[in-house]
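*Asks:* Quick note: the sequence shown uses the working numbering, first residue 1, plus one each step.
All residues carry an ideal CB built from backbone N, CA and C; glycine is no exception.
One structure follows; several queries about it will come next.
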Amino acid sequence: MSPLSNNSLFLDYHRNPLLMFFLRGLNVSLSTGDPLQIHLIKEPLVEEYSIAASVWKLSSCDLCEIACNPVYQSGFSHLLKSHWIGQEYYKRGPDGNDIHKTNVPHIRLEFRDVIWREEIQR
């Protein structure tokens with residue numbers, strides 16, 4: 001999702017569903033929609049993360065979790081994904097977490113996994 005671009009074109013930042021999706025455990029990511037038109041700094045993706053953190057009061061843990069999601073979503077090779085987020089990134093929950101690479105605490109991923117398992121058992 002590109003909240004800054006959406007905000008300037010058609011959807012107010014506070015009505016953007018990214019935060020609601022994230023809080024419910026969906027795999028969301030931030031992106032830049034129109035970096036040459038919307039953004040004010042040289043690094044548009046940094047601007048997206050900074051404003052998202054400020055507007056939605058995201059913690060560093062939240063930001064790290066969101067920053068890992070594009071790697072999971074990508075079509076990059078297993079070798080690159082392993083390098084970026086850990087050797088066992090494909091496992092659910094803390095078993096697949098390399099905290100030294102993701103900076104996401106095991107307890108966060110344990111929580112996400114427990115909630116997901118409860119959802120699929122309904």
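To the nearest angstrom, report how far apart E65 and T102 are at their CA atoms.
*Replies:* Residue 65 sits at position 65 when you count from the first residue of the sequence shown. Residue 102 sits at position 102 when you count from the first residue of the sequence shown. Cα to Cα, E65 sits roughly 7 angstroms from T102.
*Asks:* Keeping to the same chain, check which residues put their C-beta closer than 6 angstroms to that of L45; ignore five residues upstream and five downstream.
*Replies:* Taking the sequence shown and counting its residues from 1, one reaches residue 45 at position 45. Excluding residues within five positions, the ones whose Cβ falls inside 6 angstroms are T32.
*Asks:* Taking all protein chains shown into account, do 16 or more other C-beta atoms lie within 10 angstroms of the C-beta of V114, making it buried, or fewer, making it exposed?
*Replies:* In the sequence shown, residue 114 corresponds to position 114, counting from 1. Looking at its Cβ environment, which holds fewer than 16 other Cβ atoms inside 10 Å, V114 is exposed.
*Asks:* Rounded C-beta distance between Y72 and N27? I'm assuming under 8 angstroms.
*Replies:* Locating residue 72 in the sequence shown gives position 72, where the first residue counts as 1. Locating residue 27 in the sequence shown gives position 27, where the first residue counts as 1. Between N27 and Y72 the Cβ distance is about 7 angstroms, and since that is below 8 angstroms, they are a contact.
*Asks:* What first and last residue would you give for the alpha helix (DSSP H) that runs through T22?
*Replies:* Along the sequence shown, one-based indexing puts residue 22 at 22. Residue identity check: residue 22 is Phe in the sequence provided, not Thr. Residues L18 to L23.
*Asks:* In this structure, how does DSSP classify K42 when only helix, strand and coil are distinguished?
*Replies:* Here residue 42 refers to the residue found at position 42 when the sequence shown is read from its first residue. In the structure shown, K42 sits in coil (DSSP, three-state: anything other than H, G, I, E or B).
*Asks:* Could you name the residues of the same chain whose beta carbon sits closer than 7 angstroms to that of A53, not counting the 5 residues immediately before and after it, in chain order?
*Replies:* Reading the sequence shown from its first residue, position 53 is the one you call residue 53. Only L63 meet the Cβ criterion.
*Asks:* Under a three-way DSSP split, which group does Q73 fall into?
*Replies:* Taking the sequence shown and counting its residues from 1, the one referred to as residue 73 is at position 73. Here Q73 sits in helix by DSSP.
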